[in-house]
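Participant: This structure is in structure tokens; I'll ask about it shortly.
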Amino acid sequence: MRNPAACGIAVLASLLLVGCGGPAAEEPPASDTATRTGHPTSDNTSSPLPERTALAKAFQLAEVCDIVPENRWRALGANQPPESRDSNGNRVCQYQKGKAGEAGSWSVSLGKNRARGLNESIQAHPEGEPLTIAGYPAYKSETSVGCLYYVDVSDEASLVVSGVSSISDDGTIPTKCGLFKKFAAAAVENLPNA
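The sequence shown maps to residues -24 to -1, 1 to 170 in mature numbering (1 follows the signal peptide of the UniProt record, and there is no 0).
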């Protein structure tokens, strides 16, 4: 018999991750109306993020799951081997505590946001808020089961971080945005400078 809570979490997690991608749109030609962070500067489309002043990062990793070193993901509470997977056009690494659907379990996926540009990703989640992660402009969108972060680390692509929590023993779904933000910071700090 299937666990209805586990099925519900799986469906909600899929919906949250759908916001990370979708079909990859054809890249528009480069124009002189974009800043070095890729944010359009025209009056009709503005980014809620300030211009990146920190050094650009590079997504030069042997494996996507090298994005957060083992000592860091273990210290943050993940206790399952990380898994590389595709998420709507993005190659991400999933770190997890517990088994999917278990009370108190959670998972967070991190990777290069290839499917959309930073502004398009932000516009898909207008209820979010700008913040800073490890010295880089970021955007956070929160749902009832998790959090989604986009971090402006590179002209090439942003870092996408998507985390979900399962139902706890008391029937609530704890939002672990602070924990998922720590994973984002660990990834930013681990990425080499471009």
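Positions of the beta carbon are idealized from the N, C-alpha and C atoms, including for glycine.
Taking the alpha carbon of Cys123 as the reference point, which residue from Pro24, Gln56, Lys158, Pro26 has its own alpha carbon closest?
Facilitator: Translated into the one-based positions of the sequence shown, residue 123 becomes position 147. Cys123 has its Cα closest to that of Lys158, out of Pro24, Gln56, Lys158, Pro26.
Participant: With H, G and I counted as helix, E and B as strand and the rest as coil, what does DSSP make of Arg50?
Facilitator: Taking the sequence shown and counting its residues from 1, the one referred to as residue 50 is at position 74. In the structure shown, Arg50 sits in a helix (DSSP, three-state: H, G or I).
Participant: By Cβ distance, which residues of its chain are closer than 6 Å to Gly104, with the 5 residues on each side in sequence left out?
Facilitator: One-based indexing of the sequence shown puts residue 104 at position 128. Cβ within range, chain order: Tyr115, Lys116, Ser117.
Participant: Is the number of C-beta pairs between the segment 80 to 98 and the segment 128 to 148 that are closer than 8 Å three or more?
Facilitator: yes
Participant: Apart from the five residues just before and just after Pro168, which ones in its own chain have a Cβ nearer than 8 Å to its Cβ?
Facilitator: Numbered from 1 along the sequence shown, position 192 holds the residue referred to as residue 168. Closer than 8 Å at Cβ, skipping near neighbours: Lys33, Ala34, Gln36.
Participant: So what does Gly122 bridge to, in DSSP terms?
Facilitator: What you label residue 122 is simply residue 146 of the sequence shown in a count that begins at 1. Val140.
Participant: Would you mind giving the Cβ-Cβ distance between Asp128 and Pro150, rounded to the nearest angstrom? I have them listed as a contact below 8 Å.
Facilitator: For this step, residue 128 is matched to residue 152 along the sequence shown. For this step, residue 150 is matched to residue 174 along the sequence shown. Contact doesn't hold; Cβ gap of about 28 Å is too wide.
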